[in-house]
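Here's the structure we're looking at; comments come further down.
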Amino acid sequence: MPVVALLVLDGVPGHQLTTPGLVFEAASAPTELRVCSVRPTVATAGPLPLDITVPWGLDALADADTVVLTGHDGFLAGPPTGVLDALRAAAARGSRVAAVGTGTFTLAASGLLDGRRATTEWCRTAELAARHPGVEVDPAGTVVTDGPFLTSAGVLGGIDLYLRLLGLDHGPAVAGRTARQLIAPLHEDVGATREEIDRELAGTAGLEPTLRWLQEHPYDAPSLAEIAAHAGTSVRTLNRRFRERTGLTPRQYLLRARVERARRLLESGDGTVDEVAARTGFGSSASLRRHFRRLTGTTPATYRHHSRP
Numbered sequence: 001m002p003v004v005a006l007l008v009l010d011g012v013p014g015h016q017l018t019t020p021g022l023v024f025e026a027a028s029a030p031t032e033l034r035v036c037s038v039r040p041t042v043a044t045a046g047p048l049p050l051d052i053t054v055p056w057g058l059d060a061l062a063d064a065d066t067v068v069l070t071g072h073d074g075f076l077a078g079p080p081t082g083v084l085d086a087l088r089a090a091a092a093r094g095s096r097v098a099a100v101g102t103g104t105f106t107l108a109a110s111g112l113l114d115g116r117r118a119t120t121e122w123c124r125t126a127e128l129a130a131r132h133p134g135v136e137v138d139p140a141g142t143v144v145t146d147g148p149f150l151t152s153a154g155v156l157g158g159i160d161l162y163l164r165l166l167g168l169d170h171g172p173a174v175a176g177r178t179a180r181q182l183i184a185p186l187h188e189d190v191g192a193t194r195e196e197i198d199r200e201l202a203g204t205a206g207l208e209p210t211l212r213w214l215q216e217h218p219y220d221a222p223s224l225a226e227i228a229a230h231a232g233t234s235v236r237t238l239n240r241r242f243r244e245r246t247g248l249t250p251r252q253y254l255l256r257a258r259v260e261r262a263r264r265l266l267e268s269g270d271g272t273v274d275e276v277a278a279r280t281g282f283g284s285s286a287s288l289r290r291h292f293r294r295l296t297g298t299t300p301a302t303y304r305h306h307s308r309p
């Protein structure tokens, strides 16, 4: 039975504590989940913080197959004593080591991500790159895998990361079935869920109409000047505002919108992979496969197969 150790620190978002159990329980696949920390209790973040009793200490990481570090409020201040050594020891033993959201900052502080690709919350990717220049930050990734290390943008509490782990431990069929069971009820339109996230990131900066425009027309290939004209700003200001609000450049955002559109078409069974590539602006199935695999971790054909009921 795979052992997954969830390493939590003070200021962990409450939903990141519950998401892994939700995924593994829905999968009905044998997985031992251990919640671990440096102290017997941790305080959750948010407007209604709670003190949570933690049943395991850092020693429970010793025989874990996977160690997952959640996000936490103190990710810029440095972790408590022993955390970085515990992460390095887990990697040295051959365990997978993963991070959700801002947990990537702490994992990067261990040095384990130097020379490797990683991601974090989309609005903090530029900050991650600045603080840890040895890390190759992927600002468009949802789950990024580089060797034994996995990092997640933290969407829906890291549900995408746990589905990826489920696939590695129990096979893509189990992960696909669980994804359909969990994600479909959350919102009938996956793209709309992403739009809500982007609307929150855009805030009051006036980017919302342009973000929606790029999402609704992913098959177009607008120039930076055209995108800037739509946003009513200069190209230089456009790039700065996109970076500040989404952590992405306009072209990276458009690429993500194209992949999201392709994913919805694949789920609906609407057209061949070649036709999906043409309808989403990729031009060829080879281009679609390359970008789709980089952002989702699987190929269009495999995704379509596992997204069918």
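In UniProt numbering, the protein residues as written are 1 to 309.
The C-beta atom is built at its ideal place from N, Cα and C for all residues, glycine as well.
In this text, all values refer to a predicted model and were calculated from it rather than measured experimentally.
Inclusion of Ala-5 and Ala-64 in the CB contact set at 9 Å is warranted, their separation being smaller than that value. For the options Val-97, Arg-177, Leu-161 and Gly-158, the alpha carbon positioned closest to that of Gly-147 is the one of Val-97. Taking the Cα of Thr-280 as reference, the smallest distance to any Cα among Arg-263, Arg-294 and Glu-127 is reached at Arg-263. Pairing Arg-304 with Gly-269 gives a Cβ-Cβ distance under 9 Å. Contact check for Ser-110 and Arg-88: beta-carbon distance about 6 Å, within the 8 Å limit, so the pair qualifies.
In terms of CA proximity to His-291, Leu-255 leads the group Val-273, Leu-265 and Leu-255. Counting other Cβ atoms within 10 Å of its Cβ, Gln-181 stays below 16 and is therefore classed as exposed. Its Cα nearest to that of Arg-164, the residue Val-143 stands out among Gly-101, His-217 and Val-143. When DSSP reads this structure, Arg-117 sits in a beta bridge with Glu-136. The residue from Glu-267, Gly-101 and Gly-82 with its alpha-carbon nearest to that of Pro-13 is Gly-101. With a threshold of 16 other beta carbon atoms within 10 Å, Pro-40 falls short and is exposed.
Within the same chain, Cβ atoms closer than 7 Å to the Cβ of Leu-295 are found at Ala-140, Gly-141, Thr-142, Arg-256 and Val-259, the five residues on either side in sequence being excluded. DSSP places Asp-85 within a helical segment (H, G or I) once states are collapsed to three.
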